[in-house]
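Mind the numbering: the first sequence is residues 0 to 633 in numbering that gives the first Met the number 0, read in order. A quick write-up on the structure given underneath.
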Amino acid sequence: METVKVSLKGDVREFEKGVSVAGIAKSIGMGLYKAACACRIDGEVRDLRTPVEKDCAVEILTFDDPDGKHAFWHTGSHVLAEAVRHLYPDTKFTIGPAIDNGFYYDLDSETVFTPEILEKLEEEMRAIVKKDQPITRYTLPRAEALKKMAGNEYKEELIRELPADAEISFYEQGDFTDLCAGPHLMSTGALGAVKLLNVTGAYWRGDAKNKMLQRVYGIAFPKKAMLEEYLTMLEEAKKRDHRKLGRELGLFAFRDEAPGFPFYLPKGMVLKNTLIDYWREVHKRWDYLEISTPQIMRRTLWETSGHWDHYKENMYTTVIDGEDFAIKPMNCPGSILVYELEPHSYRDLPLRYGELGLVHRHELSGALHGMFRVRCFTQDDAHILLTKEQIKGEVVRIAQLFDEVYSLFGLHYSIELSTMPDDHIGSVEDWDVATAALADAITSIGKSYVLNPGDGAFYGPKLDFHISDSLNRTWQCGTIQLDYQLPGRFDLEYVAEDNEKRCPVMIHRVVFGSIERFIGILTEHFAGAFPTWLSPVQAVVIPISEKHVAYADSVAKTLQAAGVRVECDTRSEKMGYKIREAQLQKTPYMLVVGDKEAESGTVSVRSRRDGDTGAVRIEDFARAIREEIDTKAL
RNA sequence: GCUGUUGUAGCUCAGUCGGCAGAGCACGUCAUUGGUAAUGACGAGGUCGUGCGUUCGAAUCGCAUCAACAGCUCCA
């Protein structure tokens, strides 16, 4: 008998050559076999059915491993497809992958998959899981694969894209067969608890020109309790939703009269202004010069910049004295006009123009999403003009500034490098150099990035800084965009050391992204309980009865004088009622004052986080909260 | 923009088969003056998103439209 040596977590065991990984798992124990979802052979994720033909290291992946989960959910999508096949046999299957949180299947069907139908499908899925059907894998050469999928133009298209000589793999369970690369579980019974979440539209191959399919989303777990825990987590996440909190906390609002255009309420305005104060402090320290450019500028400007050709769909336009003007969707051309006002020397570079620019963009109605995606927003923009030699150093400097800002809020971010899109201006060579410069700068400071091919701006590649919301969806906040095009289009110049005139490079960058999106992110990140320095109301004084109103007022005045945003709740309600309300408003400190406090010149401090923390002298409280605000403590 | 879903009081939501529009919270008045998450009584508040239609009669059925939500596409 020929054997192979298999290393399992450092433990080397011998098996018959050609043994499947499933067989190996079984030999270790039925528990592991049942929990196994996929495996890694010499570091590569594979199917449990893979025969082991040579000595190697094998790792059995369960649901606890991300790749194990992936296989688990991928099988979930096949079970969904089988259920659809049983109940709606005319449906054409397209693609059905696992995603970060579950799986989906894109279906082409005359039937509209309503929530009621999803329930029926879910029932059918449970029946399939209960039957514990074995899942088998086999391969076919292209011609036979095409024959097998005849009549399904989607699968045929996918098969034709594979190499002509490829052995094309299929997975089969019950009466359902799917073209699929795997890996998959060994049988449908392992799926445990399944749930279909919703149905949405999705274009075939992600192209809006193609037919829109129906995408059914689902999730599955090995145990029912895990599914319930997940659904509870989703409910909890909804409570952090900035749209809900924004209303409850009186921060911002939307009206039908202005879809996508936010209204800031008094408390939201305090938050916004506090962020802006902080932004000014940081940018002054990092040598930025603040400017402000007009809201509406002549069409010819946007023609020169290229926006009129490449961004017109998103621009609001108007006519002044019979001439076309555009409401700015971006701030860069304005900054360029400022740069042009006077000649510049290489000694002035990098020249950093900062601008809190209010921009308007006609976003598609379906894309609007609370403060995350609006049609009118303030970018904390900056345009930096510099020489090619200065690029790397400046990008490093910007990335450091970003890190300082995000760290202050305790935000985690991921970086994406977006490269040249189809619709672009400038030569491929320029794009290559610029893209490499960005990549180089990020790696040089020990950060890593994910490549996002073809997603750059039309004028240059960019580094995007993504931050997650309460549901783990990521939103682009910061961006650093390198631009070799605009300065040339405007014939910008600087006088170099050798007295020659040269054209500078431009960097566009935002840290918050937009104040609106950042406020949305912060609201969800803190679940509305902003750090004291950002809280619209930092402390509320609560007199126990009307007798104590005068003292409460004096406490409020003392704190006001110390620069604390304080309110005094003098309504004739019981203390418990006022505390409850202040707590629900996530006010950092509640200062309860009654006879004892009035006599001793103290306040009884209740923190929203730690509850009643006892009485302190008013001056001491003022000093402590001042310190907390000044250090911008989390 | 596309696909699906949802619009009833400021908020959260009931409203059965087409037959007088409902609750809790919030709001107002009055009483209560209190010690760390909701005091009590009374009161006011809605053209049921909007328009057109079907019907003796529409919150309820149909069509259109607006907005929101989930996702796709797009994007800070």
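Cβ atoms here follow ideal geometry from the backbone N, Cα and C, with glycine treated the same way. Please read all numbers here as calculations on a predicted model, not as lab measurements.
Counting along the chain, where does the alpha helix (DSSP H) carrying Lys222 start and finish?
The sequence position of residue 222 within the first sequence is 223, counting from 1. First-last for Lys222: undefined, no H or E at that position.
Quick one: measure Cβ to Cβ for Leu462 and Ile441, integer angstroms, because I've assumed they're closer than 8 Å.
Here the question's residue 462 lines up with position 463 in the first sequence. Here the question's residue 441 lines up with position 442 in the first sequence. Leu462 to Ile441, Cβ: 6 Å. Contact.
Could you tell me whether the Cβ atoms of Phe489 and Phe401 are closer together than 7 Å?
The sequence position of residue 489 within the first sequence is 490, counting from 1. The sequence position of residue 401 within the first sequence is 402, counting from 1. Against a cut-off of 7 Å, the Cβ pair of Phe401 and Phe489 comes out as no contact.
Chain-order list of residues whose beta-carbon lies under 6 Å from that of Ile335 (same chain, five-residue window excluded):
One-based indexing of the first sequence puts residue 335 at position 336. Same-chain partners within the cutoff: Phe489.
Work out the CA separation of Glu247 and Leu139 for me, nearest whole Å.
Along the first sequence, read from residue 1 onward, the residue named residue 139 stands at position 140. Along the first sequence, read from residue 1 onward, the residue named residue 247 stands at position 248. Near 59 Å, if we compare the C-alpha coordinates of Glu247 and Leu139.
Range of the contiguous beta strand (DSSP E) that encloses His359:
Taking the first sequence and counting its residues from 1, one reaches residue 359 at position 360. Leu350 to His359 is the extent of the beta strand (DSSP E) around His359.
Can Ser513 and Gln399 be called in contact, C-beta distance under 7 Å?
Along the first sequence, one-based indexing puts residue 513 at 514. Along the first sequence, one-based indexing puts residue 399 at 400. Not closer than 7 Å, so no.
Near Ile127, which residues of its chain fall below 7 Å by C-beta distance, leaving aside the five closest residues on each side in sequence?
Here residue 127 corresponds to residue number 128 of the first sequence, with the count starting at 1. Once the five neighbours on either side are set aside, the close Cβ partners of Ile127 are Val78, Glu81, Ala82, Gly173 and Thr187.
Measuring CB to CB, does Ala325 end up less than 7 Å from Arg351?
The count along the first sequence starts at 1 and reaches residue 325 at position 326. The count along the first sequence starts at 1 and reaches residue 351 at position 352. It is not a contact, given that the beta carbons lie outside the stated cut-off.
Take Asp320 and list the residues in its own chain whose beta-carbon comes closer than 8 Å to its own, dropping the five residues that flank it on each side.
Counting from one through the first sequence, the residue named residue 320 turns up at place 321. Once the five neighbours on either side are set aside, Asp320 has no close Cβ partner at all.
Within the continuous alpha helix (DSSP H) that includes Cys331, where are the two ends?
Locating residue 331 in the first sequence gives position 332, counting from the first residue. Looking at the DSSP string, the run of the alpha helix (DSSP H) that includes Cys331 is Cys331 to Tyr338.
Coarse secondary structure for Lys461, derived from DSSP in three states:
Here residue 461 refers to the residue found at position 462 of the first sequence. Residue state, collapsed to three classes: strand.
Using only the alpha-carbon positions, how far apart do Ile636 and Arg570 sit?
Because the chain is modelled from 0 through 633, residue 636 falls outside the range shown and cannot be assessed.
Assuming contact is defined by CB atoms lying nearer than 7 Å, are His343 and Tyr315 in contact in what I supplied?
As a first step, residue 343 is located in the first sequence; it is residue number 344 there, counting from the start. As a first step, residue 315 is located in the first sequence; it is residue number 316 there, counting from the start. No. Outside cutoff.
Between the Cα of Leu491 and those of Ile578, Gly575 and Thr386, spot the shortest distance and give me the residue it belongs to.
Position 492 of the first sequence holds residue 491. Of Ile578, Gly575 and Thr386, the residue nearest in Cα terms is Thr386.
What did DSSP end up calling Pro96 once you bin it into helix, strand or coil?
Your numbering for residue 96 matches position 97 in the first sequence. Reduced to three states, the DSSP call for Pro96 is coil.
Residue interval of the alpha helix (DSSP H) (run including Pro258)
Counting from one through the first sequence, the residue named residue 258 turns up at place 259. Segment: none, Pro258 is in no alpha helix (DSSP H) and carries neither H nor E.
Could you pull out every residue in the same chain whose Cβ sits closer than 6 Å to the Cβ of Tyr32, ignoring the five residues on either side in sequence?
By one-based count along the first sequence, residue 32 stands at place 33. Closer than 6 Å at Cβ, skipping near neighbours: Ala24 and Lys25.
Output the distance between the C-alpha atoms of Gly593 and Thr273, rounded to the nearest integer angstrom.
Taking the first sequence and counting its residues from 1, one reaches residue 593 at position 594. Taking the first sequence and counting its residues from 1, one reaches residue 273 at position 274. Distance between the alpha carbons of Gly593 and Thr273: 32 Å.
Given a cut-off of 7 Å, decide if Ala538 and Val565 are closer than it, judged by their beta-carbon atoms.
Within the first sequence, numbered from 1, the residue matching residue 565 stands at position 566. Within the first sequence, numbered from 1, the residue matching residue 538 stands at position 539. Taking 7 Å as the Cβ cut-off, Val565 and Ala538 qualify as a contacting pair.
Does the segment 239–246 come close enough to the segment 521–535 that 3 or more CB-CB pairs lie under 8 Å?
yes
Which of the three DSSP states is assigned to Tyr277 in this structure?
Within the first sequence, residue 277 is the residue found at index 278, counting from 1. If DSSP states are grouped into helix, strand and coil, Tyr277 belongs with the helices.
Close beta carbons around Phe62, own chain, < 8 Å, minus the five adjacent residues each side
For the purposes of this step, residue 62 is taken as residue 63 along the first sequence, with counting starting at 1. Ala34, Cys36, Lys68, Phe71, Phe220 and Pro221, listed in sequence order.
How is Gly652 classed by DSSP in three states: helix, strand or coil?
In this structure the chain extends from 0 to 633, so residue 652 is not present and cannot be described.
Whole-angstrom C-beta distance between Asn451 and Ser417, which should lie under 8 Å:
As a first step, residue 417 is located in the first sequence; it is residue number 418 there, counting from the start. As a first step, residue 451 is located in the first sequence; it is residue number 452 there, counting from the start. Going by Cβ atoms, the distance from Ser417 to Asn451 rounds to 4 Å, so yes, they are a contact pair.
C-alpha distance - Lys210 paired with Phe175, whole-angstrom precision
Mapped onto the first sequence, residue 210 falls at position 211. Mapped onto the first sequence, residue 175 falls at position 176. One C-alpha to the other measures close to 24 Å.
Contact the segment 2–14 vs the segment 136–156: 3+ CB pairs below 8 Å
no
Spatial distance of Glu499 from Gln389 (CA atoms):
Position 500 of the first sequence, counted from the start, is the residue given in the question as residue 499. Position 390 of the first sequence, counted from the start, is the residue given in the question as residue 389. Taking the straight line from one Cα to the other gives about 18 Å.
In this structure, how does DSSP classify Ser168 when only helix, strand and coil are distinguished?
Numbered from its first residue, the first sequence carries residue 168 at position 169. DSSP places Ser168 in strand when its eight states are reduced to three.
Where does Arg224 land, buried or exposed, given buried means 16+ other C-beta within 10 angstroms?
To locate residue 224, count along the first sequence from 1; it is residue 225. The sequence given here places Ala at residue 224; Arg does not occur at that position. With fewer than 16 Cβ atoms within 10 Å of its Cβ, Ala224 is classed as exposed.
Taking its Cβ as the centre, do 16 or more other Cβ atoms sit within 10 Å of Val318, making it buried, or is it exposed?
Residue numbering aside, residue 318 sits at position 319 when the first sequence is read from its first letter. When all chains shown are included, Val318 counts as exposed.
Please report how far the alpha carbon of Val510 lies from the alpha carbon of Glu118, in whole angstroms.
Looking up residue 510 in the first sequence gives position 511. Looking up residue 118 in the first sequence gives position 119. The alpha-carbon atoms of Val510 and Glu118 are separated by roughly 44 Å.
Simplified DSSP assignment, three categories, for Glu58
Within the first sequence, numbered from 1, the residue matching residue 58 stands at position 59. DSSP places Glu58 in strand when its eight states are reduced to three.
Using the C-alpha atoms, what's the distance from Asp206 back to Gly392?
Sequence index remark: in the first sequence, residue 392 carries index 393 (1-based). Sequence index remark: in the first sequence, residue 206 carries index 207 (1-based). If I take the Cα positions, the gap works out to 38 Å.
Could you pull out every residue in the same chain whose Cβ sits closer than 7 Å to the Cβ of Tyr412, ignoring the five residues on either side in sequence?
For the purposes of this step, residue 412 is taken as the residue at position 413 of the first sequence. If we look at Tyr412 and ignore the five residues flanking it on each side, its Cβ neighbours are Tyr405, Phe464, His465 and Ile466.
Per DSSP, what kind of secondary structure is Glu13 in: helix, strand or coil?
Your numbering for residue 13 matches position 14 in the first sequence. Glu13 falls in the strand class under three-state DSSP.
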